[in-house]
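Step one of this worksheet: look at the structure below.
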Amino acid sequence: MFLSIFEIFKIGVGPSSSHTMGPMVAAARFLDRILELGLKPASVGASLHGSLAFTGKGHQSDFATIMGLAGMAPDNFNAERAQEIMVDIEKNKQIQPVGHPVYHFDANADVRFDYDNTLPGHANGMTFFAYDALGGVILEEIYYSIGGGFVQTAIELNAGAETTGYQASVPYPFKSANEMLAMARDSGKTIAQMKYANETVETPAAELDKGIKRIWQVMNDCIDAGLATDGILPGGLNVRRRAKDIHTSLLAEHGQNFAAPHIINDWISMYAMAVNEQNAMGAQVVTAPTNGAAGVIPSTLRYYLDHVPNASVDKIPEFLLTAAAVGGLIKHNASISGAEVGCQGEVGSASAMAAAGLCALLGGTPEQIENAAEIALEHHLGMTCDPIKGLVQAPCIERNGLGAIKAVSAASLSMRGDGKHLVSLDACIETMRQTGMDMNEKYKETSLGGLAVNLPAC
């Protein structure tokens, strides 16, 4: 299965790709299924299970589900319009997505958090229902949000089918890092060049170039918005936004001789924190490869553009294409879902992708790029997903900053070698998968373990 760069990097809405965007996408698929079958239900509803139930309130999973049933999508989500729709639904107890009749719907009762019954396919399970006028179920569909905004039905998940991307006869069909390196050696092409050639099988070059440019524009705008905004993040933890104050402080110190070299780490962290503070307030972000890890890749690329001598904006596509190639390998062979494998699959994957992209821009060979990705991922192995109060705030915001720092360090270390190393990226990805499967469920985005239960005041 070929996964496009536009599947790895989706323009969406915070705070979570799997818990906010996923339910919204699943709801849209359910609406399409109703029309496909020619059904005429009187009402609709949904139940959220597993991790979606335990951290659903913090991630606004119920709100996202309702907005999906109302016909809204992550890539064109408008917060102001969404609030107007919500007020209308609560007042009239009905919902009418475009192309559908009016359905009875009680926002306070028809989306349920089922804490007792976890669906078998994935930690992020949800069931949608369509009812007749007497309350009988005429359609019941199970969906799983498998990370990064990807959604599968129970049938698709059991069949091992990818529901995004497309089956394609691409010129460089690598499914592992070893295959990727072999194809690079045989073709004489870079990883980014092979990825670009694969993309243009289905997407015209001009459209591809425009889409990549938009991905970076949204990422960069998100950084700038985060650096310009202060205040308290929503959700009840009273987490104070810090990126703006850090930026002000760093600008005041800029150019002073007494500044220590390690201050560059503060710049890197600040860029990432700016993105994730925006994500925490439900703003527009790019899944990279998830919302919870959305700050790592933009931060690393902004570090390159703002702080590396002779950096060029013309190299942005090379960075993103290389990162997407590595992200596709991780998703295909393991997981990018925090609810499935912990934060190693989110920030760990993002750090590996960012390290690969930066190494490419620094002139790394394919072997050095693979090494950079492996170093970054290896040193996130075992990282749990333990958001306090189910909010993508603590430890998530700072964790993105540290993930970006690791990415820069990994790229730099790989450039000091020739690409030969002991642990392959493929072995590291498989280790991450196995570690995630062995990890206690309470440490995988349930808020039942780790930091989430060790702050009594919360």
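Going by the UniProt record's numbering, the letters in the sequence shown line up with residues 1 to 458, in that order.
All residues carry an ideal CB built from backbone N, CA and C; glycine is no exception.
None of the values given here were measured: they were computed from a predicted structure.
Task: Span of the beta strand (DSSP E), counted from its first residue to its last, around residue 11 - done: Taking the first residue of the sequence shown as position 1, residue 11 is located at position 11. Residue 11 -> beta strand (DSSP E) spans 10-13.
- [ ] Whole angstroms is fine: what's the gap from residue 148's alpha carbon to residue 258's?
- [x] Taking the first residue of the sequence shown as position 1, residue 148 is located at position 148. Taking the first residue of the sequence shown as position 1, residue 258 is located at position 258. Distance between the alpha carbons of residue 148 and residue 258 is about 42 Å.
- [ ] Please name the residue in 446, 453 and 296 whose C-alpha comes closest to that of residue 58.
- [x] As a working note, residue 58 is residue 58 in the sequence shown. Nearest option by C-alpha distance: 446.
- [ ] Report yes if the CB atom of residue 388 is closer than 9 Å to the CB atom of residue 451, and no otherwise.
- [x] As a working note, residue 388 is residue 388 in the sequence shown. As a working note, residue 451 is residue 451 in the sequence shown. For residue 388 and residue 451, yes; Cβs fall inside 9 Å.
TODO: Reducing DSSP to helix, strand and coil, say where residue 273 ends up.
DONE: Taking the sequence shown and counting its residues from 1, the one referred to as residue 273 is at position 273. In the structure shown, residue 273 sits in a helix (DSSP, three-state: H, G or I).
Task: Within 9 Å, strictly: CB atoms of residue 393 and residue 233 - done: Taking the first residue of the sequence shown as position 1, residue 393 is located at position 393. Taking the first residue of the sequence shown as position 1, residue 233 is located at position 233. Yes.
TODO: Pair every Cβ in the region 287-301 with every Cβ in the region 340-348, then say whether three or more of these pairs are closer than 8 Å.
DONE: yes
- [ ] Out of 245, 38, 103 and 342, state which residue places its alpha-carbon closest to the alpha-carbon of residue 271.
- [x] Counting from one through the sequence shown, the residue named residue 271 turns up at place 271. When each option's Cα is compared against that of residue 271, the closest is 245.
TODO: List the whole-angstrom C-beta distance separating residue 198 from residue 170, where the pair is believed to meet the contact cut-off of C-beta under 8 Å.
DONE: Taking the sequence shown and counting its residues from 1, one reaches residue 198 at position 198. Taking the sequence shown and counting its residues from 1, one reaches residue 170 at position 170. Residue 198 to residue 170, Cβ: 4 Å. Contact.
- [ ] Give the DSSP-derived three-state secondary structure of residue 326 in the structure shown.
- [x] The residue you call residue 326 lines up with position 326 of the sequence shown. Looking at residue 326 - three-state DSSP - the assignment turns out to be helix.
Task: Whole-Å CB distance - residue 339 paired with residue 373, under 8 Å assumed - done: Taking the first residue of the sequence shown as 1, we reach residue 339 at position 339. Taking the first residue of the sequence shown as 1, we reach residue 373 at position 373. Contact flag wrong, Cβ pair sits at about 23 Å.
Open item on the list: Assuming residue 368 is part of the beta strand (DSSP E), what are its boundary residues?
Closed with: Locating residue 368 in the sequence shown gives position 368, where the first residue counts as 1. First-last for residue 368: 366-378, but that is the alpha helix (DSSP H), not the beta strand (DSSP E).
Task: Enclosing beta strand (DSSP E) for residue 237 [first to last residue] - done: Here residue 237 refers to the residue found at position 237 of the sequence shown. Looking at the DSSP string, residue 237 is not in any beta strand (DSSP E), and its letter there is neither H nor E.
Open item on the list: Once the 5 residues before and after residue 375 are set aside, which same chain residues still bring their CB inside 7 Å of it?
Closed with: Here residue 375 is taken as the residue at index 375 of the sequence shown, counted from 1. So the list reads 355, 410, 413 and 414, once near-sequence residues are dropped.
Task: Status (buried if at least 16 other CB within 10 Å, exposed otherwise) for residue 17 - done: Working through the sequence shown from its first residue, we reach residue 17 at position 17. With 16 or more other Cβ atoms within 10 Å, it is buried.
Task: Stretch pair the region 8-17 + the region 276-291: three plus CB contacts closer than 8 Å - done: yes
Task: C-beta contact flag for residue 143 and residue 127 at 9 Å - done: As a first step, residue 143 is located in the sequence shown; it is residue number 143 there, counting from the start. As a first step, residue 127 is located in the sequence shown; it is residue number 127 there, counting from the start. Yes, these two residues count as a Cβ contact at 9 Å.
TODO: Pick helix, strand or coil for residue 444, following the three-state DSSP scheme.
DONE: Start at 1 with the first residue of the sequence shown, and residue 444 comes out as number 444. Strand, per DSSP.
Open item on the list: Restricting to Cα atoms, I'd like to know which of 196, 176 and 251 is closest to residue 430.
Closed with: Residue 430 sits at position 430 when you count from the first residue of the sequence shown. When each option's Cα is compared against that of residue 430, the closest is 176.
Open item on the list: Tell me the DSSP secondary structure of residue 435 in three-state form.
Closed with: Residue 435 sits at position 435 when you count from the first residue of the sequence shown. Note: residue 435 maps to helix in three-state DSSP.
Open item on the list: Between which residues of its own chain and residue 426 is the CB-CB distance below 7 Å, once the five residues before and five after are set aside?
Closed with: Within the sequence shown, residue 426 is the residue found at index 426, counting from 1. Hits under 7 Å: 176, 177 and 178.
TODO: Check whether the Cβ atoms of residue 328 and residue 276 sit closer than 9 Å, and answer yes or no.
DONE: To locate residue 328, count along the sequence shown from 1; it is residue 328. To locate residue 276, count along the sequence shown from 1; it is residue 276. Against a cut-off of 9 Å, the Cβ pair of residue 276 and residue 328 comes out as no contact.
TODO: Answer with buried or exposed for residue 166, where buried requires no fewer than 16 other C-beta atoms within 10 angstroms of its C-beta.
DONE: Mapped onto the sequence shown, residue 166 falls at position 166. Residue placement at residue 166 is flagged as unreliable, the pLDDT there being 45, under the threshold of 50; a coordinate-derived value is accordingly withheld.
Open item on the list: Quick check on residue 124: does DSSP put it in helix, strand or coil?
Closed with: Along the sequence shown, read from residue 1 onward, the residue named residue 124 stands at position 124. Note: residue 124 maps to strand in three-state DSSP.
Open item on the list: So the candidates are 416, 390, 337 and 5; which of them puts its Cα closest to the Cα of residue 151?
Closed with: Counting from one through the sequence shown, the residue named residue 151 turns up at place 151. Checked all of 416, 390, 337 and 5; the closest Cα to residue 151 is 337.
Open item on the list: Under 8 Å: does the beta carbon of residue 413 sit that close to some heavy atom of the ligand NAD?
Closed with: The ligand NAD is absent from the structure shown, which contains no ligand whatsoever.
Task: For residue 385, the residue or residues it bridges with in DSSP - done: Here the question's residue 385 lines up with position 385 in the sequence shown. BP columns for residue 385 point to 444.
Open item on the list: By the three-class DSSP mapping on this structure, what secondary structure does residue 114 have?
Closed with: Reading the sequence shown from its first residue, position 114 is the one you call residue 114. The answer is strand: DSSP assigns residue 114 an E or B state.
- [ ] Would you identify the three-state DSSP class for residue 139, choosing helix, strand or coil?
- [x] As a position in the sequence shown, residue 139 is number 139, starting the count at 1. Reduced to three states, the DSSP call for residue 139 is strand.
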